[in-house]
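Notes to accompany the following structure.
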């Protein structure tokens, strides 16, 4: 038996990234190809999880180790995958497969037994449509809270597939957090009396998030807003810009991004299949603040009039470098200035 999944690619910098990739909701329905040859020897530890319910499509690895040696390990990778119905396959030349994805782009994939006829697999792939409900599936179904002692700010976080690492960074800066579903209304958000609004990362096509786009349209200019990854794309759509699907997406923890405001380069962690169309930003009121030095795609935007900014990459550094943690400080600064105005 097999099942149809969307193939993507990830090129992690070190093997401990596998447990973080596994639990990142942005990988929902994607088959992730790991080019590092040995996966599983770190095991899984409870502290590095990014979500309660991993929804990865599949793990594709070269060599799998089911006997982890890391002292922090509490479970094996296979145990977590079995518990969450995540498929996997090993003993493949993953670097060759990565080159194929680089040449031809992301594609549908089907994991099957070796004796299944190619014609049958091709028929299944042709008849299988890509899903457009990823955010609805991974978003929280009800409001929940994450609090910190002696808080100074209250942030409403719109959960489109939020990573726990983001919540940890906001709490470390004195924020009490109210996490709400992706389809929360503007009235429901404002009734919570937040100091700021955060739009999370998440999976899938940003144009599917019509309720979240409408939320940003209604609330822009009314309070500080910060968006990461999918949240960045949603902000662009809310302002009338466009997004498009990349050939194979940006994956991994080593993407150079130029800050146009400071002329400094940061090494960033990225995981997204879509990007903001730079040409479509003209006349929207959004200003490009960051660009990717590899392909010149839009990596950051702001609208000073509406007290709003966003980045395409992951400043919470889970996984990845810590060059961009200052962005959380920028969000805090904007909330503080608004409170004191």
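Numbering (the numbering used here), first residue to last: 66 to 406.
Yeah, the Cβ is synthetic: ideal placement off N, Cα and C, and Gly gets one too.
DSSP-derived helix/strand/coil call for residue i
i: residue 348; result: coil
i: residue 161; result: helix
i: residue 73; result: Caution is warranted here: a pLDDT of 45 is assigned to residue 73, below 50, making its placement in the model unreliable, and no coordinate value can be reported.
i: residue 307; result: coil
i: residue 332; result: strand
i: residue 297; result: helix
i: residue 317; result: strand
i: residue 362; result: coil
i: residue 324; result: strand
i: residue 386; result: coil
i: residue 271; result: helix
i: residue 93; result: strand
i: residue 233; result: helix
i: residue 246; result: strand
i: residue 187; result: helix
i: residue 391; result: helix
i: residue 338; result: strand
Residues that residue i bridges to, as DSSP identifies them
i: residue 218; result: 240
i: residue 368; result: 373
i: residue 152; result: 123
i: residue 200; result: The partner list for residue 200 (beta bridge, DSSP) is empty, contrary to what the question assumes.
i: residue 98; result: 125
i: residue 356; result: 323 and 363
i: residue 211; result: 242
Among the options, nearest to residue i - alpha-carbon criterion
i: residue 94; options: 116, 132 and 198; result: 198
i: residue 232; options: 398, 105 and 114; result: 114
i: residue 205; options: 211, 361, 246 and 270; result: 246
i: residue 367; options: 102, 169 and 293; result: 293
i: residue 133; options: 406, 239 and 106; result: 106
i: residue 295; options: 315, 268 and 316; result: 268
i: residue 153; options: 172, 177 and 308; result: 177
i: residue 312; options: 170, 159 and 283; result: 170
i: residue 121; options: 209, 284 and 148; result: 148
i: residue 208; options: 182, 250, 191 and 183; result: 250
Minimum Cβ-Cβ distance from residue i to chain B less than 8 Å
i: residue 168; result: This model lacks chain B altogether, as it is built from one protein chain only.
Close beta carbons around residue i, own chain, < 6 Å, minus the five adjacent residues each side
i: residue 474; result: The structure shown has nothing for residue 474, since the chain only spans 66 to 406.
i: residue 111; result: 139
i: residue 155; result: 126 and 129
i: residue 151; result: 121
Residues near residue i by beta carbon distance below 7 Å, same chain, minus five either side
i: residue 299; result: 264, 271, 274, 277, 278, 281 and 292
For the region 218–229 against the region 242–258, do three or more pairs of beta-carbon atoms, one drawn from each stretch, fall closer than 8 Å, so that the two count as touching? Short answer: they touch.
Counting beta carbon pairs with one atom in the region 291–303 and one in the region 318–330, are three or more of them shorter than 8 Å? Fewer than three beta-carbon pairs drawn from the region 318–330 and the region 291–303 are found closer than 8 Å, and the two stretches are therefore not classed as touching.
Check whether the region 358–377 touches the region 334–345, counting contact only when three or more Cβ pairs, one atom from each stretch, lie closer than 8 Å. At 8 Å Cβ cutoff, the stretches touch.
Count the CB pairs spanning the region 228–243 and the region 184–202 that are closer than 8 Å, and state whether there are at least three. No, the region 228–243 does not touch the region 184–202.
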